[in-house]
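Residues 2 to 175, numbered by our numbering, are exactly what the sequence shown covers, in order.
Think of the CB as a built atom: it goes at the ideal place given N, C-alpha and C, for glycine as much as any other residue.
Presented below is the structure to which this report refers.
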Amino acid sequence: MELELSLGLFYLLLLGFAILMYVLLDGFDLGMGILYPWFNTDAEHDHLMRSIAHVWDGNETWLVFGGVILFGAFPAAYASISSTFYLPIMLMLIGLIFRGVAFEYRFKSDSSKRYWNTAFAVGSSLAAFCQGLMLGTLVQGVPADFINQSSFISWLSPFSLFCGLAVMAGYALL
Numbered sequence: 002m003e004l005e006l007s008l009g010l011f012y013l014l015l016l017g018f019a020i021l022m023y024v025l026l027d028g029f030d031l032g033m034g035i036l037y038p039w040f041n042t043d044a045e046h047d048h049l050m051r052s053i054a055h056v057w058d059g060n061e062t063w064l065v066f067g068g069v070i071l072f073g074a075f076p077a078a079y080a081s082i083s084s085t086f087y088l089p090i091m092l093m094l095i096g097l098i099f100r101g102v103a104f105e106y107r108f109k110s111d112s113s114k115r116y117w118n119t120a121f122a123v124g125s126s127l128a129a130f131c132q133g134l135m136l137g138t139l140v141q142g143v144p145a146d147f148i149n150q151s152s153f154i155s156w157l158s159p160f161s162l163f164c165g166l167a168v169m170a171g172y173a174l175l
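See below:
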């Protein structure tokens, strides 16, 4: 039996690899942000931040790489996914921006360190929860032509909300 690798299958495997790398690498960072409120002292917070400082910027590159693969190799899927999940994607990006700004400014300002700690925890939780919402919607099933059949909030169901919490728990365990 001969294994034939088509271009579509190659890009699908590459997309799966990019998503796997993002979940494993940035999932660890997001999990740290989710658990951040349970650490009380500044020394513990500093230790957490310094443990991810040298790799954390590169981890989100896998998310961008996955988006580029989806856009370039599967434009119809990209159009459907981006229109259906517009709000969760934007909320996830806002969470990632909060997290990035908080990470950088936390070390520069001692007087407002508490606010940046809160922004880091909220941004990490929001990003992870939105990823779980989107995953739950895809797992529960979306019609093939869901660009015309779905409403703006079709991703909001009890199952997808549960998946959002489950992804947060999974990232916290990483």
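- Of the residues G17, G96, E45 and G32, the one whose Cα lies closest to the Cα of V69 is G17.
- Where E45 is concerned, the enclosing alpha helix (DSSP H) starts and stops at D43 to I53.
- When C-beta atoms of the stretch 71-80 are compared with those of the stretch 33-51, fewer than three pairs fall below 8 Å, so the two segments do not count as touching.
- With contact defined as three or more Cβ pairs closer than 8 Å, the stretch 90-109 and the stretch 5-15 are not in contact.
- By the Cβ neighbour-count rule, F11 is exposed, with fewer than 16 other Cβ atoms within 10 Å of its own.
- Closest in alpha carbon position to I90, among L127, T62 and A122, is L127.
- From the listed residues L15, F29 and L13, the smallest Cα separation to L175 is found for F29.
- Secondary structure at E105: helix, using DSSP grouped into helix, strand and coil.
- In the three-state DSSP reduction, F72 falls in the helix class (H, G or I).
- The alpha carbon of G96 has as its nearest neighbour, out of C131, F108, V65 and Q141, the alpha carbon of C131.
- Cβ-Cβ separation between G165 and G124: approximately 15 Å, too far for a contact (criterion under 8 Å).
- When the five nearest sequence neighbours on each side are left out, the beta carbons in the same chain lying within less than 7 Å of the beta carbon of W156 are those of T85, F86, P89, L134, M135 and T138, in order along the chain.
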